[in-house]
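Participant:
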Amino acid sequence: MQALMPNGTKLITILRHPISRFESAFLFEDFPAFLGISGSLNPLKNLMEDIDKFNPEISTMYTMRNSVSFDLGLGPEDFENADAVSNLIRSVRKNFDLVLVVEYFDESLMLVKQQICWSLEDVIYVKHNSRLQAWKKHHIPDKFKTHFLEWNKADVLLYDHFNEAFWNIVKYQDKNFWSKVTLLKKMSRKIAEDCLQPGEHKHDNWKKTVDKLILNQKMDPRMETLCRDLVQDNEFYLQFFRDLQCKFKSAALKRFKRIVGVQKILFKGNCKLMPFLTSTFDECNVPYDWENEQVEPFEPYWNPNSNKSVEGLELSSWTYPTQWKLNGTPYWGYFATY
Ligand SMILES: Nc1ncnc2c1ncn2[C@@H]1O[C@H](COP(=O)(O)OS(=O)(=O)O)[C@@H](OP(=O)(O)O)[C@H]1O
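Structure, rendered in structure tokens:
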């Protein structure tokens, strides 16, 4: 992230209680099919009751053990290592501006809004990827919960730490915080009513356990853009931001070319490229000085024009004019990016 994003970028992550996170991911990632129990009426119960039977597959189910800690950088070899888990917590505290909690989604969004100076309208949401109600009834049976939490000790420690830290931040919010949370809940409910077709909808062949968002055909046309933006899924936004990144990258490259071009005028002579730069640049130049000027003409885009003599070219910003010809005095320019 630090390599990709500019300085000052706010880094935010979100945690969920390990049990409900697993209950959700288990279906979303279609682990019942992976375990060969998709026909089961309660695959979660099935898995827990027959956990030894599934052991070989479980070792490849990344989502089963400490998957949040893993995503945040904890290797499986450190799952039982209390010091490594403490270090992970410290590094998340240091590297993230905010750690949110799914169970307090609206409160979390209010903190985001505050942290990046957004308006309430900016954090209105509709709920995505929600399990169909029928599947929400399935839980890890109580008698397996202790064992499951023991297994996910790193995630439990992470969650408990940041849940407490979250409430310490909320504690210091101004007196309007809770009324704004209520307003956000109300506005988000209203926007869902206006934008979406009521009721649950099954996907045809994708995530059969997850509610499909369908736009309300009778919505107010003035709301259409907002509603369409709200129902787009994470893949759409991932692509959207990738495209943006590409645009920035190509703009940055254009700027870079131009700067390299300017350097061609500023520097001259023979020099050897360091090996690790050879894939990026095909040439380089030694530092420019009063005696060592580059006098060859250039055409637009800094293309050298070796066929024409300086004299034969019209005076323009692409040709080298002598001080004499310009009737000026030498002047050291400053180099800057823009
Ligand atoms: N606003 C809001 N408040 C509370 N919970 C919310 C919200 N939006 C999404 N969700 C729940 O997040 C679960 C889906 O997470 P993701 O979108 O990250 O998808 S997934 O993890 O890849 O499945 C999924 O959880 P479950 O329904 O328990 O499976 C969603 O219901």
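The sequence shown maps to residues 1 to 338 in my numbering.
We put the beta carbon where it would ideally sit given N, CA and C, even for glycine.
If you run the structure through DSSP and keep just helix, strand and coil, what is Leu88?
Facilitator: As a working mapping, residue 88 is identified with position 88 in the sequence shown. Collapsing the DSSP output to three states places Leu88 in a helix.
Participant: Between the alpha carbons of Gly36 and Ile51, how many angstroms are there, rounded?
Facilitator: By 1-based counting over the sequence shown, the position of residue 36 is 36. By 1-based counting over the sequence shown, the position of residue 51 is 51. Cα-Cα distance, rounded: 13 Å.
Participant: Going by DSSP, what residue range makes up the beta strand (DSSP E) through Val101?
Facilitator: Stepping through the sequence shown from its first residue, residue 101 is reached at position 101. Per DSSP, Val101 belongs to the beta strand (DSSP E) from Leu98 to Val101.
Participant: What residue range is occupied by the uninterrupted alpha helix (DSSP H) comprising Ile191?
Facilitator: Taking the sequence shown and counting its residues from 1, one reaches residue 191 at position 191. Run containing Ile191: Phe177 to Cys195, per the alpha helix (DSSP H) assignment.
Participant: Straight-line CA distance for Ile116 to Leu277?
Facilitator: Numbered from its first residue, the sequence shown carries residue 116 at position 116. Numbered from its first residue, the sequence shown carries residue 277 at position 277. Going by the C-alpha atoms only, they are around 38 Å apart.
Participant: According to DSSP, is Leu273 helix, strand or coil?
Facilitator: By 1-based counting over the sequence shown, the position of residue 273 is 273. If DSSP states are grouped into helix, strand and coil, Leu273 belongs with coil.
Participant: Quick check on Asn66: buried or exposed, where buried means 16 or more other Cβ atoms within 10 Å of its Cβ?
Facilitator: Mapped onto the sequence shown, residue 66 falls at position 66. Asn66 is buried by the Cβ-count criterion.
Participant: Is Ser130 a contact residue of ligand 1, with contact defined as CB to any heavy atom under 7 Å?
Facilitator: Mapped onto the sequence shown, residue 130 falls at position 130. It does: the Cβ of Ser130 is within 7 Å (strictly closer) of some heavy atom of ligand 1.
Participant: Measuring straight from C-alpha to C-alpha, what distance separates His17 and Glu77?
Facilitator: The sequence position of residue 17 within the sequence shown is 17, counting from 1. The sequence position of residue 77 within the sequence shown is 77, counting from 1. If you take the alpha carbons of His17 and Glu77, they lie about 22 Å apart.
Participant: Measuring alpha carbon to alpha carbon, tell me which residue in Tyr172, Gly199, Ile140 and Phe166 is nearest Ser20.
Facilitator: Mapped onto the sequence shown, residue 20 falls at position 20. Comparing Cα-Cα distances from Ser20 to each of Tyr172, Gly199, Ile140 and Phe166, the minimum goes to Ile140.
Participant: For Arg16, list the residues DSSP reports as bridge partners.
Facilitator: Numbered from its first residue, the sequence shown carries residue 16 at position 16. Note: Arg16 sits in no beta bridge, so no partner.
Participant: Note the first and the last residue of the continuous alpha helix (DSSP H) segment covering Ser67.
Facilitator: In the sequence shown, counting from the first residue as 1, residue 67 sits at position 67. Here the alpha helix (DSSP H) through Ser67 covers Ser67 to Asp71.
Participant: Could you give the uninterrupted runs of the alpha helix (DSSP H) lying entirely in the segment 19-53, keeping only those of 4 residues or more?
Facilitator: 31-35 and 43-49
Participant: Just to confirm my understanding: we take Leu4, look at its own chain, exclude 5 residues before and 5 after, and list those with CB closer than 8 Å. What are they?
Facilitator: Counting from one through the sequence shown, the residue named residue 4 turns up at place 4. Excluding positions up to five away in sequence, the list reads Gln245.
Participant: Quick check on the DSSP output: the alpha helix (DSSP H) that includes Met110 runs from which residue to which?
Facilitator: Locating residue 110 in the sequence shown gives position 110, where the first residue counts as 1. It spans Phe105 to Gln115 - the alpha helix (DSSP H) in which Met110 sits, taken as one unbroken run.
Participant: Label Ile214 either buried or exposed according to how many other C-beta atoms from any shown protein chain fall within 10 Å of its C-beta, with 16 as the threshold for buried.
Facilitator: Counting from 1 along the sequence shown, the entry for residue 214 is found at position 214. Ile214 is exposed by the Cβ-count criterion.
Participant: Just to confirm my understanding: we take Thr13, look at its own chain, exclude 5 residues before and 5 after, and list those with CB closer than 6 Å. What are they?
Facilitator: As a position in the sequence shown, residue 13 is number 13, starting the count at 1. The residues are Phe96 and Val99.
Participant: Within 7 Å: the Cβ of Lys180 and any heavy atom of ligand 1?
Facilitator: Sequence index remark: in the sequence shown, residue 180 carries index 180 (1-based). Checking every heavy atom of ligand 1 against the Cβ of Lys180, none is found closer than 7 Å.
Participant: What residue range is occupied by the uninterrupted alpha helix (DSSP H) comprising Asn168?
Facilitator: To locate residue 168, count along the sequence shown from 1; it is residue 168. Lys153 to Lys171 is the extent of the alpha helix (DSSP H) around Asn168.
Participant: Residues in the same chain with beta-carbon distance under 8 Å from Asp194, minus the five sequence neighbours each way, listed in chain order, please.
Facilitator: Translated into positions along the sequence shown, residue 194 becomes position 194. Closer than 8 Å at the Cβ level, and outside the excluded window around Asp194, lie Asn216, Met219, Asp220, Met223 and Cys227.
Participant: Ser179 and Ile124 - do their beta-carbons sit closer together than 8 Å?
Facilitator: For this step, residue 124 is matched to residue 124 along the sequence shown. For this step, residue 179 is matched to residue 179 along the sequence shown. Contact: no.
Participant: Ligand 1 and Phe70: does the residue's C-beta get closer than 7 Å to at least one heavy atom of that ligand?
Facilitator: Locating residue 70 in the sequence shown gives position 70, where the first residue counts as 1. Not so, every heavy atom of ligand 1 lies at least 7 Å from the Cβ.
Participant: Would you call Leu273 buried or exposed, if buried means 16 or more other Cβ atoms sit within 10 Å of its Cβ?
Facilitator: On the sequence shown, position 273 is the one that residue 273 refers to. Counting Cβ neighbours within 10 Å, Leu273 comes out exposed, since fewer than 16 surround it.
Participant: Below 7 Å, is the gap between the Cβ of Ser24 and the nearest heavy atom of ligand 1?
Facilitator: Locating residue 24 in the sequence shown gives position 24, counting from the first residue. Correct: Ser24 has its Cβ closer than 7 Å to ligand 1.
Participant: Would you call the CB atoms of Asp155 and Val68 closer than 8 Å?
Facilitator: Sequence index remark: in the sequence shown, residue 155 carries index 155 (1-based). Sequence index remark: in the sequence shown, residue 68 carries index 68 (1-based). Result yes, Cβ atoms of Asp155 and Val68 sit closer than 8 Å.
Participant: Taking buried to mean at least 16 other C-beta atoms within 10 Å of its own C-beta, is Trp151 buried or exposed?
Facilitator: Against the sequence shown, residue 151 aligns to sequence position 151. The residue in question, Trp151, is buried, as its Cβ has 16 or more Cβ neighbours within 10 Å.
Participant: Would Thr182 be called buried (16 or more neighbouring beta carbons within 10 Å of its own) or exposed?
Facilitator: Counting from 1 along the sequence shown, the entry for residue 182 is found at position 182. Result: exposed.
Participant: Flag Tyr125 as yes when its Cβ comes closer than 7 Å to any non-hydrogen atom of ligand 1, and as no otherwise.
Facilitator: Within the sequence shown, the letter at position 125 stands for residue 125. In terms of side-chain proximity, the C-beta atom of Tyr125 is found nearer than 7 Å to a non-hydrogen atom of ligand 1.
Participant: Give the secondary structure of Val126 by DSSP, where H, G and I count as helix, E and B as strand, and everything else as coil.
Facilitator: Counting from one through the sequence shown, the residue named residue 126 turns up at place 126. The answer is coil: DSSP assigns Val126 none of H, G, I, E or B.
Participant: Please determine whether the Cβ atom of Phe28 lies at a distance below 7 Å from any heavy atom of ligand 1.
Facilitator: Here residue 28 is taken as the residue at index 28 of the sequence shown, counted from 1. Checking every heavy atom of ligand 1 against the Cβ of Phe28, one is found closer than 7 Å.
Participant: Name the residue from Lys10, Pro6, Thr9 and Met64 whose alpha carbon lies nearest to the alpha carbon of Pro32.
Facilitator: Your numbering for residue 32 matches position 32 in the sequence shown. Comparing Cα-Cα distances from Pro32 to each of Lys10, Pro6, Thr9 and Met64, the minimum goes to Met64.
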